[in-house]
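Listed in order, the protein sequences are those of chains A and B.
Heads up: the first sequence begins at -16 in the numbering used here, then just goes up one per residue.
Heads up: the second sequence begins at -16 in the numbering used here, then just goes up one per residue.
Beta carbons are placed, not taken as given, at the ideal position from N, Cα and C, and that holds for glycine.
Every value quoted in this text rests on a predicted model; they were computed, and no experiment measured them.
Okay, so here's the structure we're looking at.
2 protein chains.
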Amino acid sequence: MTAKSSRSATPKRGTTRHGELAALLKQRVYAGEWKPGALIPAESELALVYGVALGTMRQAIQTLVEEKLLLRHHGRGTMVSRGLTGNTIFRFFRFGAALISEDMPTARILVKETIATPEELVTIFENRPRKLLLVERCRMIEGLPRLLEKIWVPLPAFSALTRLPGTAWADRLYPMYAQRCNVVVLKASDHLHVRPMAAAESAMLELKRGNPGLVVRRRSFDIKGHCVEVREALADANEFELEMPVY
Amino acid sequence: MTAKSSRSATPKRGTTRHGELAALLKQRVYAGEWKPGALIPAESELALVYGVALGTMRQAIQTLVEEKLLLRHHGRGTMVSRGLTGNTIFRFFRFGAALISEDMPTARILVKETIATPEELVTIFENRPRKLLLVERCRMIEGLPRLLEKIWVPLPAFSALTRLPGTAWADRLYPMYAQRCNVVVLKASDHLHVRPMAAAESAMLELKRGNPGLVVRRRSFDIKGHCVEVREALADANEFELEMPVY
DNA sequence: TAGTGGTCTAGACCACTTG
DNA sequence: AAGTGGTCTAGACCACTAC
C-alpha cells in the first residue's frame, strides 16, 4: 500500500511515524497556520491527509497534548493552547487568606525603564537583545504590600509596552503579552531560594530588618521554547508554603 | 461476539473496559499475587485471558504505569514497582556541594522511642494506631550537621524497627522499610514552609540564633495509598534551593 | 532464537458538544 | 442531526532483551 511503501522509502532509524507527524503538526503551529485558540482539523481528516491510520494520528496529537501545545475537548475538537494565564506566583504564599482569589492582588508600578542588557541576561533570551524593558512593581493583597517584583522583557519584541503608561498595566502580564505583543507564554520554570532581605526591601514590605525573603526567579518560554521573560519576585519567607509530590 | 455480549451484559455508565481491567490488575497487585519487583504476564497473554483486544489491555496497563504502580521495559516485560528509594529530602538543599552524592549523608540517631499517638497524627495513619515509633536523627554531610529529622511510623506494623539497635539503621529508610517491615513506599508528598529555628535547633545545626529554618513535612504512602510514615525535616533555609516547572 | 513491549493498520461503534 | 474525540477490535510487523 501507499503508506507501507512510503514508510520503507524513509527507513530512518530511531524515529517513528507518529513522532514525525507530531513534528509536522508542531511546525504548522510554529508557522502560525493554526493560531492560539483556534481549532485544528479533525484527527480523522488529518489522518486521511497524511495517509496514516487514525490511531497513529491520535498518538501524534497525544504527544503534543502532553507538551501543552494542544488541548483536546471531547466532542468539540482540538485547539492550539492559548498559553498560561499567569498570576501563579502567589501559589507559593499564604498571606493570611485561606485562598488567594484570582482578582485580589493589585500592583503598583515603581520603575519602568529601558536598560542595556545586563551581562547575565544576554544569553538567556534568544537573539541576544541589546536592550530590555525593566519594570519593578509592588503587589498588594488587601491593601498590604506583599511582593516586590522585577520583570525583564526583550526589546524590540515588547516595545508595545514601552509606550503603554504604567497605570494601564494589567495585574496579569501573560494575557497582556499575548494581546499587545503577540507573545504566548506556554511554559515557565521557577527557581526558589531564601536570602535575608536588604533594608530597603524589608521597609517596602513593612517587615523587620533582616527578615528572611523568599526569591522566586521565573523564566517564561513562548510556543517555540524561547525565553521571553525573566522575573524575580521577593516576599516574606515566613509566608511561604508549598505542597509537592515526590517521585 | 463474546466480547460484545459481555459488554452489553454490564452496561455500567461512566466506566470503560480498560478502566475496569486496570482495577482488576491493581487488585491482583494489592492481593500480593504479583509482588514488587516481579514480572507480570505478557500483555498479549493477559489480553487473551481477559478476552479483550491487545490495545485495550495495553491501555489498562498504561494507566497503572502512569500511577507508578507498574514499570514497563521494552523487550523484558512489565514489573511491579519496588517503590521509592528515598534520600530525596536533600534535593531541596545546596549545602556547598555542587551535587550531593547518593552516599554522602550519614545519620546519627538522637532519639528512638515508642510513644502514644499524638492527636494530630491519629487520623493520618490507617486504622488509627494507638502507638507510634518516634525516631529523631541528625544527618551529616562532610562531617557537618545539616539536617534534623523526626520520623513517625505506626506500630505494630513497624515493630521490627523497635528491636533494631540505632546503630544498625540505614541512612535510607525506604529500602529498610521494604526489607524489614514488608512496606513498600510508592508515593510521597512534601509540604514546605519556613519558620525561625528554636535555640536548641540552631545550636544543633551550628547556626546563629533565630536563623530561618526550612521545614519539610513528608507523608509517605504505600502501594494501596495508605499513609505509612510521617517525617519532618529541618535545615538552614538559606541553603534551600528548588527548581520547578509552572503549569 | 524466542518472547517481550512498541508501532501501525483499517475498520466499527460510543459519548460528547454544538447548531 | 452532524461532527468531534474516545473506546475497542483483530490482526501484522518491528525493536529490544535475554538465553
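Short CB-CB distance (under 7 Å) between residue i and chain B
i	result
Glu224 (chain A)	yes
Ser64 (chain A)	no
His176 (chain A)	yes
Pro228 (chain A)	yes
Asp173 (chain A)	yes
Ala220 (chain A)	yes
Ala(-14) (chain A)	Its pLDDT being 36, under 50, Ala(-14) (chain A) is placed unreliably in this model, and the coordinates cannot settle the point.
For residue j and residue i, the rounded distance between their alpha carbons
i	j	result
Gly196 (chain A)	Phe223 (chain A)	9 Å
Tyr230 (chain B)	Ser172 (chain A)	9 Å
Ile124 (chain B)	Arg41 (chain A)	49 Å
Val118 (chain A)	Leu93 (chain A)	8 Å
His1 (chain B)	Arg55 (chain A)	20 Å
Leu190 (chain B)	Leu131 (chain B)	13 Å
Thr89 (chain A)	Arg146 (chain A)	21 Å
Arg113 (chain A)	Met180 (chain B)	45 Å
Leu67 (chain A)	Arg129 (chain A)	23 Å
Lys95 (chain B)	Gly20 (chain B)	31 Å
Pro148 (chain A)	Val199 (chain A)	26 Å
Trp17 (chain B)	Ile44 (chain B)	14 Å
Leu53 (chain B)	Thr100 (chain A)	49 Å
Leu115 (chain B)	Pro228 (chain A)	24 Å
Gly79 (chain B)	Leu127 (chain B)	11 Å
Leu31 (chain A)	Lys170 (chain B)	42 Å
Leu188 (chain A)	Arg111 (chain A)	34 Å
Leu225 (chain A)	Thr46 (chain A)	29 Å
Gly(-3) (chain A)	Arg91 (chain A)	52 Å
Tyr157 (chain B)	Ala161 (chain A)	47 Å
Beta-ladder partner(s) of residue i, from DSSP
i	result
Ser172 (chain B)	A:Pro228, B:Arg202
Arg122 (chain B)	B:Ala90, B:Leu130
Val63 (chain A)	A:Leu53
Ile23 (chain A)	A:Thr61
Trp238 (chain A)	As shown, chain A starts at -16 and ends at 230. That puts residue 238 (chain A) outside it, with no answer to give.
Gly(-3) (chain B)	For Gly(-3) (chain B), which the question treats as bridged, DSSP gives no partner whatsoever.
Cys210 (chain A)	A:Phe204
Ala140 (chain B)	DSSP output for Ala140 (chain B) lists no bridge partner at all.
Val177 (chain A)	A:Leu197
7 Å Cβ cutoff, residue i in contact with chain A
i	result
Ser185 (chain B)	no
Asn110 (chain B)	no
Pro195 (chain B)	yes
Glu212 (chain B)	no
Best match in the options for proximity to residue i [C-alpha to C-alpha]
i	options	result
His176 (chain B)	B:Arg201, B:Gly79, B:Cys164, B:Ala6	B:Arg201
Phe73 (chain B)	B:Arg122, B:Ser64, B:Leu7, B:Ala6	B:Arg122
Glu50 (chain B)	B:Pro228, B:Leu217, B:Ala220, B:Gly208	B:Gly208
Leu217 (chain A)	A:Glu184, A:Val12, A:Gly79, A:Gln10	A:Glu184
Phe75 (chain A)	A:Ala186, A:Ile206, A:Asp205, A:His174	A:His174
Gly193 (chain B)	A:Met187, A:Ala186, A:Asn221	A:Asn221
Thr97 (chain B)	B:Leu47, B:Ile206, B:Ser203, B:Ala143	B:Ala143
Any non-hydrogen atom of the ligand MN closer than 6 Å to residue i Cβ
i	result
Glu212 (chain A)	Inclusion of the ligand MN in the displayed structure is not the case, the ligand content being empty and no account of it being possible.
Problem - Segment contact, 8 Å Cβ cut-off, at least three pairs: the segment 212 to 223 of chain B with the segment 131 to 142 of chain B - result: yes
Practice task
Count the CB pairs spanning the segment 17 to 37 of chain B and the segment 53 to 64 of chain B that are closer than 8 Å, and state whether there are at least three.
Solution key: yes
Exercise for the section: Taking 8 Å as the threshold, find out whether the segment 161 to 169 of chain B comes into contact with the segment 105 to 115 of chain B through three or more Cβ pairs. Expected result: no
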